[in-house]
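Count the sequence shown with our numbering and you get residues 73 to 328, in order.
Report on one structure; see the data block that follows.
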Amino acid sequence: MNATSGKDGPKDAPAGRRPAGRDEARREKAAAARAAEAAHARRRQRIIIASVAVAVLALVGVIGFAVQSSRTVATPVVLPANATGSDNGIVVGTAKAPVTVDFYEDFQCPICENLETSLGPTVQQLIDAGKIKAVYHMMSFLGPESVRAANAAAAAQESRFKEYHDVLYANQPAERTGGFTNTTLTELGGKVGLTSAAFTDAVNNGTYNGYVAKVEDDASKRGVNGTPTVFVNGSQLAAQALTVDGFTATVAGAAR
Numbered sequence: 073m074n075a076t077s078g079k080d081g082p083k084d085a086p087a088g089r090r091p092a093g094r095d096e097a098r099r100e101k102a103a104a105a106r107a108a109e110a111a112h113a114r115r116r117q118r119i120i121i122a123s124v125a126v127a128v129l130a131l132v133g134v135i136g137f138a139v140q141s142s143r144t145v146a147t148p149v150v151l152p153a154n155a156t157g158s159d160n161g162i163v164v165g166t167a168k169a170p171v172t173v174d175f176y177e178d179f180q181c182p183i184c185e186n187l188e189t190s191l192g193p194t195v196q197q198l199i200d201a202g203k204i205k206a207v208y209h210m211m212s213f214l215g216p217e218s219v220r221a222a223n224a225a226a227a228a229q230e231s232r233f234k235e236y237h238d239v240l241y242a243n244q245p246a247e248r249t250g251g252f253t254n255t256t257l258t259e260l261g262g263k264v265g266l267t268s269a270a271f272t273d274a275v276n277n278g279t280y281n282g283y284v285a286k287v288e289d290d291a292s293k294r295g296v297n298g299t300p301t302v303f304v305n306g307s308q309l310a311a312q313a314l315t316v317d318g319f320t321a322t323v324a325g326a327a328r
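Below is the structure:
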């Protein structure tokens with residue numbers, strides 16, 4: 073009798089079944105492979121996101137440079153003939169005046185118009201008497217109309233600037249209502265004798281728009297953040313000093 077076929081002899085493992093240890097090893101190997109693939113996918117995603125971010129930043133830089141270059145080309149800084157000093161304000165009055173007064177104004181600013189109405193005649197008297205040299209910095213933070221008005225004032229230049237400055241305030245439209253069109257600015261120029269083709273062309277072509285932007289930038293660097301702002305010999309006047317008495321007293325003190 074075959075010893076291996078007896079009733080109590082050893083038996084082979086049933087067909088189709090694998091030892092438990094081998095199945096567990098295969099499952100662990102498969103799980104490790106899936107984890108490695110997931111980690112690889114995550115790394116690939118991070119690389120793609122980082123690459124896109126770098127590309128976007130590079131594109132933004134190129135666009136910013138292109139816009140700035142375009143502005144530089146499109147709006148050259150053309151200085152008015154009577155713009156002097158480190159920040160190229162428009163000067164009215166004798167250069168030998170003992171006191172320099174810097175005015176930062178916006179032709180659309182209603183408070184500037186109020187100051188011009190109350191203080192303007194006194195300023196003109198002091199200019200005429202040779203006691204002050206007025207330096208005007210025409211701001212444009214209230215929008216396109218302010219830019220157009222400031223450009224037109226720069227186009228007035230020389231002896232006509234102050235007259236044109238005054239007529240703009242005398243005819244100031246309500247803020248941001250579209251009142252300061254190029255046509256209106258040209259017509260107002262006619263009221264003070266500004267009828268030349270050079271003036272009209274400068275108004276219509278925005279010849280001094282680059283200069284107007286420079287004035288705004290220079291004012292910001294000086295710490296001017298509102299209009300009207302007035303400096304007497306480099307010292308800013310407090311709001312309560314912007315009266316006829318306060319202003320004349322400050323000028324008299326600065327002249328000593």
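Where is the CB? At the ideal position from N, CA and C, for every residue including glycine.
Since we're looking at a predicted model, the values are computed, not measured.
query	result
DSSP state of V296 mapped onto helix, strand, coil	coil
Close beta carbons around Q312, own chain, < 8 Å, minus the five adjacent residues each side	G318
Proximity to L266 [Cα-Cα], best of V296, H209, A227 and S307	A227
Rounded Cβ spacing between L198 and V323 (contact assumed at less than 8 Å)	6 Å
Length of the line joining the Cα atoms of S123 and E109	Low confidence applies to S123: its pLDDT is 48, below 50, so where it sits in the model is not reliable enough to give any reading.
With 16 other Cβ atoms within 10 Å as the buried cut-off, status of E188	buried
Span separating the alpha-carbon of V219 from that of D290	15 Å
Cβ separation of Y208 and V296, assumed to be a contact under 8 Å, to the nearest whole Å	That pair is no contact at about 13 Å.
Cα-Cα separation between A321 and N243, rounded to whole angstroms	30 Å
Reference F271; option with closest CA among P216, T194 and T255	T255
From L260, C184 and Q196, residue whose alpha carbon lies closest to that of M210	C184
Under the three-state DSSP convention, the category E177 falls into	strand
Cβ-based burial, P182 [other Cβ within 10 Å; buried from 16]	exposed
Boundaries of the beta strand (DSSP E) in which Y208 is found, first to last residue	I204 to M210
Backbone secondary structure at A155 - three-state DSSP	strand
For G262 and A234, the rounded distance between their alpha carbons	Note on residue identity: the sequence assigns Lys, not Ala, to residue 234. Going by the C-alpha atoms only, they are around 14 Å apart.
Inter-residue spacing [alpha-carbon to alpha-carbon] between G250 and K205	33 Å
V173 to I162 span [Cα, whole Å]	11 Å
Runs of alpha helix (DSSP H) wholly within the region 205–269 (minimum 4 residues, chain order)	216–228, 232–242 and 254–262
Cα-Cα separation between A331 and R248, rounded to whole angstroms	This structure cannot settle anything about residue 331, because the visible part of the chain is limited to 73 through 328.
Buried versus exposed, by CB contacts within 10 Å (16 or more), T253	exposed
Proximal residues to R294 (C-beta, below 8 Å), its chain only, five neighbours per side dropped	D159
Residues bridged to G161 (per DSSP)	T156
In DSSP terms, what F319 is bridged to	Answer is none; F319 lacks a bridge partner.
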